[in-house]
Ligand code: SOE
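Residue numbers (our numbering): 5 to 395.
Written as structure tokens, this is what we have:
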């Protein structure tokens, strides 16, 4: 980039954990990747003037707003980045798209299928005017996941038979961990299912280039009430004296059928004591298998069934060679990437799609399909029945 590179003026709503991760990505992407547009961190929006001013200074934003409605109407904003809880995704995204702003929206896309449908429709209309929308499933942009997708695309696994996916956390295994917004159905839509189960649905559908069409699942809330959170600190906040009900699931387990014939087994829990951010995926095919664990995120394990029996075995591939997507922009082989790099790669692909005039993936339509699977699991759990997902 140089001074002649056109600007892409960004406004971001929300400045907690995801706001910090996205801010890092907007700051870093133009410094490590050659981008056709220069993202500028123009306005940070938050409800509390004092707190948003402090966050803007810390995270690198030039100005602040306290009302997202003003932000989406500003002529000096080209893109709105939504880093708020799910209960505000639909209204902000639809208003921003209607005002001709590109949108990046955190996952899951929305709290309900109806909201997600309205967002996908708004994105479809906006795309006819060259306005783009993306939903923030960043784990797709881990190089090892890109390699997994490539191995499946190249037929190296053959017919996909099994998809085994777990997302294991334990940040609320302590029954006294406070009731942060992620444990409030009004704000978050669901608990572990939508917050981390959504990642598993997107990831497994992305790697297999297939989609889930039927599910049977069970949700559980192990701890029914907790101390209220006096303020947001980290994931769960600071406990108050007063207590309140937990209105979302603590854990979700479900089995799934993929349209291509594979069977899926999924587990998303915040009670896997000792597991911090363990995204574990194993895909078994007729010609081979692959296995990934986010807690060892620069590695992909690959088993090639065509190997002679005496030398066959899971190969541990260190995915740090510059031949892999994104890797060449960072460090020499073996130095590795981290959680934050997926957010930077997300910005790179979004900016490039906007400049190319194409829809960035995952689209809001992809986000809607994930939302439909989430809703089907909830209905299955409520009714103890198999649920189909419309195409
Ligand atoms: C909490 O479960 C959380 O912050 C998720 O909301 C993010 O999507 C995930 O990347 C890390 O864990």
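Think of the CB as a built atom: it goes at the ideal place given N, C-alpha and C, for glycine as much as any other residue.
Within its chain, find whatever has a CB closer than 7 Å to the CB of residue 385; leave out the 5 residues flanking it on each side and keep chain order. So the qualifying residues of the chain are 221, 222, 223.
Residue 394 burial status per 10 Å Cβ neighbour count (16 or more: buried): Exposed.
Between the region 145-158 and the region 205-218, do at least 3 Cβ pairs fall closer than 8 Å? Output reads yes: the region 205-218 touches the region 145-158.
To test your reading of the DSSP string, which unbroken alpha helix (DSSP H) runs of 4 or more residues are found completely within the region 156-212? The alpha helix (DSSP H) runs lying completely inside the region 156-212 and spanning 4 residues or more are 189-192, 202-212, given in chain order.
Looking at the unbroken alpha helix (DSSP H) that takes in residue 27, where does it start and where does it end? Per DSSP, the unbroken alpha helix (DSSP H) holding residue 27 starts and ends at 21-36.
Could you check whether residue 299 and residue 317 sit closer than 7 Å to each other, using their CB atoms as the reference points? With a cutoff of 7 Å on beta-carbon distance, residue 317 and residue 299 are scored as not near each other.
Residue range of the alpha helix (DSSP H) that residue 222 falls in? First-last for residue 222: 216-224, but that is the beta strand (DSSP E), not the alpha helix (DSSP H).
So what does DSSP say about residue 92, is it helix, strand or coil? Here residue 92 sits in helix by DSSP.
Does DSSP put residue 11 in a helix, in a strand, or in coil? Residue 11 falls in the strand class under three-state DSSP.
Can you tell me whether residue 335 is buried or exposed? The criterion is at least 16 other CB atoms within 10 Å of its CB, across all chains shown. Per the 10 Å Cβ criterion, exposed.
Per the DSSP calculation, residue 138 is bridged to which residue(s)? Beta-bridge annotation (DSSP): residue 138 is paired with 108.
Any 3 or more C-beta pairs closer than 8 Å across the region 89-102 and the region 21-40: Taking 8 Å as the limit for Cβ pairs, the verdict is that the region 21-40 does not touch the region 89-102.
Does residue 158 pass the burial test, meaning 16 or more other C-beta atoms within 10 Å, or should it be called exposed? Residue 158 counts as exposed, since fewer than 16 other C-beta atoms from the protein chains shown sit within 10 angstroms of its C-beta.
What three-state label does DSSP hand residue 46 in the structure shown? Three-state DSSP puts residue 46 in a strand.
Integer-rounded CB distance, given that residue 86 should sit under 8 Å from residue 46: No, residue 46 and residue 86 are not in contact; Cβ-Cβ is about 15 Å, not under 8 Å.
Going by beta-carbon coordinates alone, are residue 289 and residue 162 separated by less than 7 Å? Going by C-beta atoms, residue 289 is nearer than 7 Å to residue 162.
For residue 1, which residues of its own chain have a beta-carbon under 7 Å away from its beta-carbon, when the five flanking residues on both sides are left out? The requested residue 1 is not part of the displayed model; the chain covers only 5 to 395.
Should residue 370 be listed as close to ligand 1, given that the test is whether its C-beta is under 6 Å from any heavy atom? Outside the cutoff, so no.
If I'm right that residue 83 touches residue 108 with Cβ under 8 Å, what's the distance once you round it to whole angstroms? So it is a contact: roughly 7 Å between Cβ atoms.
Looking at residue 113 and residue 371, is the spacing between their C-beta atoms short of 7 Å? Yes, the Cβ-Cβ distance between residue 371 and residue 113 is below 7 Å.
Quick one, which of 291, 229, 167, 345 has its alpha-carbon nearest residue 310's? Closest option to residue 310, Cα to Cα, is 291.
Count Cβ pairs between the region 331-350 and the region 188-196 that sit closer than 8 Å; are there 3 or more? Counting Cβ pairs under 8 Å, fewer than three are found: no touch.
Cβ of residue 199 versus every heavy atom of ligand 1: is any distance shorter than 6 Å? Yes, since a heavy atom of ligand 1 falls inside the 6 Å radius drawn around the Cβ of residue 199.
Assuming residue 262 contacts residue 270 (C-beta within less than 8 Å), just tell me the rounded distance between them. Actually they are not in contact, since the Cβ atoms of residue 262 and residue 270 sit about 12 Å apart, beyond 8 Å.
Spatial distance of residue 53 from residue 65 (CA atoms): Taking the Cα positions, residue 53 is about 14 Å away from residue 65.
Going by DSSP, what residue range makes up the beta strand (DSSP E) through residue 129? Unbroken run through residue 129 is the alpha helix (DSSP H), 117-131; no beta strand (DSSP E).
C-beta contact flag for residue 324 and residue 337 at 7 Å: Yes. Within cutoff.
When you compare each of 219, 250, 167 to residue 284 by their alpha carbons, which one comes out closest? Checking every option, the nearest Cα to that of residue 284 belongs to 167.
Residues that residue 301 bridges to, as DSSP identifies them: Beta-bridge pairing by DSSP links residue 301 to no other residue.
Buried or exposed for residue 13, please, with buried defined as at least 16 other CB atoms from any protein chain shown within 10 angstroms of its CB. Burial state of residue 13 is buried, judged by a 10 Å Cβ sphere holding 16 or more other Cβ atoms.
6 Å Cβ shell around residue 144 - same chain, five flanking residues per side excluded: Close CB contacts of residue 144 within its chain, under the 6 Å cut and outside five residues either way in sequence, are with 210 (chain order).
Quickly, what does DSSP pair residue 61 with across the bridge? List them, please. Bridge partners of residue 61: none, in fact.
Determine the direct distance from the alpha carbon of residue 140 to that of residue 381, and round the result to whole angstroms. Going by the C-alpha atoms only, they are around 21 Å apart.
Apply the 10 Å Cβ neighbour rule to residue 27 and answer buried if 16 or more other Cβ atoms are within range, or exposed otherwise. Residue 27 should be labelled buried.
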